[in-house]
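A short worksheet on the structure shown next.
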Amino acid sequence: MEQFQSFPKFIKKIDDYGMKVGIVKVIPPPEWTTALPDVAEKLRSIRIRQPIVQHINGSQGVFSQTNIEKQRSYSLPQWRKVTEESDHQPPARRGERRKGADSKLRLSPQKRQRTMSSVADSSAESTQGSDIPQKSKRRNGELSAQESAEFENFDYRFNASEFTPERCEELERIYWKTITYNNPMYGADMLGSLFTDATKEWNVAHLDNVLNDLGMDLPGVNTAYLYFGMWKSTFSWHVEDMDLYSINYLHFGAPKQWYSISQKDEKRFFNIMRSEWPDEYKKCKEFLRHKTFLVSPKYLADHGIKVNKLVHNQGEFVITFPFGYHSGYNLGYNCAESVNFATERWLQIGARAKKCKCVSDAVDIDVEDLAYKLKMKKRLARRIKREMEEKQNDGAIAAATSQEGMSGDSSCQNSLPKSNGSPFLGMASNVLNGVEPGSGTPVVQPAIVRNEKQRLPAGISDTEPLQDVSNSSTIGIVDR
Ligand SMILES: [Zn+2]
Numbered sequence: 145m146e147q148f149q150s151f152p153k154f155i156k157k158i159d160d161y162g163m164k165v166g167i168v169k170v171i172p173p174p175e176w177t178t179a180l181p182d183v184a185e186k187l188r189s190i191r192i193r194q195p196i197v198q199h200i201n202g203s204q205g206v207f208s209q210t211n212i213e214k215q216r217s218y219s220l221p222q223w224r225k226v227t228e229e230s231d232h233q234p235p236a237r238r239g240e241r242r243k244g245a246d247s248k249l250r251l252s253p254q255k256r257q258r259t260m261s262s263v264a265d266s267s268a269e270s271t272q273g274s275d276i277p278q279k280s281k282r283r284n285g286e287l288s289a290q291e292s293a294e295f296e297n298f299d300y301r302f303n304a305s306e307f308t309p310e311r312c313e314e315l316e317r318i319y320w321k322t323i324t325y326n327n328p329m330y331g332a333d334m335l336g337s338l339f340t341d342a343t344k345e346w347n348v349a350h351l352d353n354v355l356n357d358l359g360m361d362l363p364g365v366n367t368a369y370l371y372f373g374m375w376k377s378t379f380s381w382h383v384e385d386m387d388l389y390s391i392n393y394l395h396f397g398a399p400k401q402w403y404s405i406s407q408k409d410e411k412r413f414f415n416i417m418r419s420e421w422p423d424e425y426k427k428c429k430e431f432l433r434h435k436t437f438l439v440s441p442k443y444l445a446d447h448g449i450k451v452n453k454l455v456h457n458q459g460e461f462v463i464t465f466p467f468g469y470h471s472g473y474n475l476g477y478n479c480a481e482s483v484n485f486a487t488e489r490w491l492q493i494g495a496r497a498k499k500c501k502c503v504s505d506a507v508d509i510d511v512e513d514l515a516y517k518l519k520m521k522k523r524l525a526r527r528i529k530r531e532m533e534e535k536q537n538d539g540a541i542a543a544a545t546s547q548e549g550m551s552g553d554s555s556c557q558n559s560l561p562k563s564n565g566s567p568f569l570g571m572a573s574n575v576l577n578g579v580e581p582g583s584g585t586p587v588v589q590p591a592i593v594r595n596e597k598q599r600l601p602a603g604i605s606d607t608e609p610l611q612d613v614s615n616s617s618t619i620g621i622v623d624r
């Protein structure tokens with residue numbers, strides 16, 4: 145729990161390891177987990193809008209993925225029901241019956257076809273004969289009578305005890321054998337969070353990291369996304385936009401299988417993928433950022449690339465590191481939350497990140513501008529620290545620390561005060577972030593740097609010369 149107090153410090157400790165292997169699993173301490181508020185109430189208002197239906201084509205370990213949006217939305221009970229249909233269940237263990245199988249047996253062939261071809265019908269059918277108008281308009285966030293009824297006997301929680309290591313290995317073999325057979329749905333990239341403000345550290349939606357200083361919200365990059373999975377729903381090989389880090393918390397449900405490529409094999413891996421999809425590479429040099437291409441661990445082993453693996457269970461975190469290609473799939477009904485983040489070390493990486501230009505909403509971060517803001521924030525922090533030390537020397541420190549609400553660990557230590565722990569820094573970052581948050585454009589405007597000098601906060605003296613940030617060499621100035 146002590147290690148969990150500071151997210152940036154924790155990442156710093158595991159950074160060298162993560163930068164070698166690509167992904168790291170972190171199991172939170174029980175004190176952190178038991179303090180999480182119940183998510184049941186939040187889940188009532190969740191709508192899984194237009195999930196993607198994933199079509200995977202290919203053979204012999206080489207596949208590509210096509211996503212087609214399903215034109216309907218699901219409440220969580222509806223989603224769970226779909227994940228329990230026999231088409232979306234893995235084969236049972238020997239001697240057991242597949243989930244959802246026995247309800248299917250009772251249906252006549254015509255009826256079965258109708259339900260399977262259009263999942264959307266299931267809710268409509270259940271309202272037939274009742275007096276609920278099917279197109280009743282729902283007021284803001286209010287559940288219809290039918291939806292309320294769905295939640296009455298609904299427990300979002302999931303008993304994952306069947307997912308023993310042996311069972312997960314068995315399912316891995318089945319996944320790669322039958323990957324093209326059914327078309328799983330994935331409620332991916334849904335803006336939202338199941339965390340509340342009660343969780344101070346390792347809150348995926350409010351992670352203490354340098355992307356908070358962007359001064360704007362980039363959905364899924366510095367604001368959290370939710371992911372609703374089912375058996376076989378897949379994320380193909382990719383690295384993060386701008387070669388950022390990412391963190392993924394599995395709130396509940398079946399495990400996620402993850403694969404990663406060690407950073408030392410990054411180039412060789414890329415070249416193998418490029419030789420499999422030469423046309424895609426010709427069209428876009430960053431074609432793996434399209435998250436469309438899938439090769440099996442066996443195929444990669446046959447090509448001399450070792451694949452790192454882990455099984456991500458509910459209540460656990462997985463962190464991905466820059467340049468670590470990763471992919472994976474869900475083993476059943478589950479819900480995860482993830483976001484990108486960055487460290488100061490990343491600033492150098494981000495400045496050189498290659499971007500896919502063919503996707504119109506591709507993420508672009510003005511790294512120079514961010515580095516500049518961080519530098520100013522640090523300068524302010526140093527100045528505050530210096531002034532406090534001077535005051536301390538004058539014997540006048542007592543009033544400043546106790547009255548200004550500097551919280552315990554952030555006062556006058558060698559490390560920087562936490563950005564959300566210090567009123568001074570909170571002010572600094574607001575002033576330095578010249579852009580209104582939530583402006584919605586996924587491209588950071590570079591212009592704000594130029595006027596920064598005129599809007600210096602009171603804490604920064606004008607006597608220290610401001611660096612010109614128009615050349616990238618200033619990024620190196622940001623001190624560690
Ligand atoms: Zn592209």
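According to my numbering, the residues represented by the sequence shown are 145 to 624, in order. Note that the Cβ used here is the ideal one computed from N, Cα and C, for glycine as well.
Cβ-based burial, residue i [other Cβ within 10 Å; buried from 16]
{"i": "Y371", "result": "buried"}
{"i": "L355", "result": "buried"}
{"i": "K153", "result": "exposed"}
{"i": "K408", "result": "exposed"}
{"i": "Y325", "result": "exposed"}
{"i": "Q222", "result": "buried"}
{"i": "A525", "result": "buried"}
{"i": "D160", "result": "exposed"}
{"i": "G239", "result": "exposed"}
{"i": "G162", "result": "buried"}
{"i": "P466", "result": "buried"}
{"i": "R366", "result": "According to the sequence as given, residue 366 is Asn; it is not Arg. Answer is buried; the Cβ neighbour count reaches 16."}
{"i": "K157", "result": "exposed"}
{"i": "L220", "result": "buried"}
{"i": "Q278", "result": "Low per-residue confidence applies at Q278: pLDDT is 36, beneath 50, and the placement is therefore not dependable, though the value from the model is reported in the following sentence. It is exposed - the Cβ of Q278 has fewer than 16 other Cβ atoms within 10 Å."}
{"i": "M145", "result": "exposed"}
{"i": "Q401", "result": "buried"}
{"i": "S563", "result": "Model confidence at S563 stands at a pLDDT of 39, short of 50, so the residue's coordinates are unreliable and nothing is read from them."}
{"i": "A368", "result": "buried"}
{"i": "E229", "result": "buried"}
{"i": "P422", "result": "exposed"}
{"i": "N537", "result": "exposed"}
{"i": "K195", "result": "Sequence inspection shows Pro at residue 195; the Lys mentioned does not correspond to that position. Buried is the call here."}
{"i": "P181", "result": "exposed"}
Extent of the continuous alpha helix (DSSP H) to which residue i belongs
{"i": "E460", "result": "No alpha helix (DSSP H) contains E460, which DSSP labels as neither H nor E."}
{"i": "T308", "result": "No alpha helix (DSSP H) contains T308, which DSSP labels as neither H nor E."}
{"i": "G166", "result": "Segment: none, G166 is in no alpha helix (DSSP H) and carries neither H nor E."}
{"i": "F295", "result": "289-296"}
{"i": "F414", "result": "410-420"}
{"i": "V183", "result": "Run containing V183: none; DSSP gives neither H nor E here."}
{"i": "L444", "result": "441-446"}
{"i": "K225", "result": "220-227"}
Residue i vs residue j beta-carbon contact at 9 Å
{"i": "W381", "j": "S471", "result": "yes"}
{"i": "G205", "j": "Y443", "result": "yes"}
{"i": "A349", "j": "V483", "result": "yes"}
{"i": "R311", "j": "R237", "result": "yes"}
{"i": "S406", "j": "N347", "result": "no"}
{"i": "S377", "j": "P309", "result": "no"}
{"i": "S203", "j": "W320", "result": "no"}
{"i": "D385", "j": "V507", "result": "yes"}
{"i": "R242", "j": "P234", "result": "yes"}
{"i": "C500", "j": "R433", "result": "yes"}
{"i": "G373", "j": "G331", "result": "yes"}
{"i": "E345", "j": "Q149", "result": "yes"}
{"i": "R224", "j": "F298", "result": "yes"}
{"i": "K101", "j": "K429", "result": "Only positions 145 to 624 of the chain appear in this structure, which leaves residue 101 out of reach."}
{"i": "T487", "j": "I155", "result": "yes"}
Bridge partner(s) assigned by DSSP for residue i
{"i": "Y477", "result": "DSSP lists no partner for Y477."}
{"i": "W375", "result": "The partner list for W375 (beta bridge, DSSP) is empty, contrary to what the question assumes."}
{"i": "Q198", "result": "N211"}
{"i": "L394", "result": "A480"}
{"i": "R496", "result": "R496 pairs with nothing; no bridge assigned."}
{"i": "H470", "result": "H382, S404"}
{"i": "K453", "result": "Y403"}
{"i": "P363", "result": "T367"}
{"i": "Y389", "result": "F485"}
Residue range of the beta strand (DSSP E) that includes residue i
{"i": "M329", "result": "329-335"}
{"i": "T378", "result": "378-382"}
{"i": "V206", "result": "206-213"}
{"i": "S516", "result": "Strictly speaking, residue 516 in this sequence is Tyr, with Ser absent from that position. Run containing Y516: none in the beta strand (DSSP E); it sits in the alpha helix (DSSP H), 511-537."}
{"i": "S404", "result": "400-405"}
Flag this pair as touching only if the segment 469-476 and the segment 489-502 have three or more C-beta atom pairs under 8 Å; answer yes or no. Segments in contact, no.
Could you say if the segment 356-366 and the segment 199-213 meet the contact criterion of at least three C-beta pairs nearer than 8 Å? With the cut-off at 8 Å, the segment 356-366 and the segment 199-213 do not touch.
Three or more C-beta pairs closer than 8 Å, one from the segment 159-169 and one from the segment 446-463: is that the case here? The segment 159-169 is in contact with the segment 446-463.
Report yes or no: do three or more beta-carbon pairs, one from the segment 439-457 and one from the segment 410-417, lie closer than 8 Å? Using a C-beta cut-off of 8 Å, the segment 439-457 makes contact with the segment 410-417, since at least three inter-stretch Cβ pairs fall below that distance.
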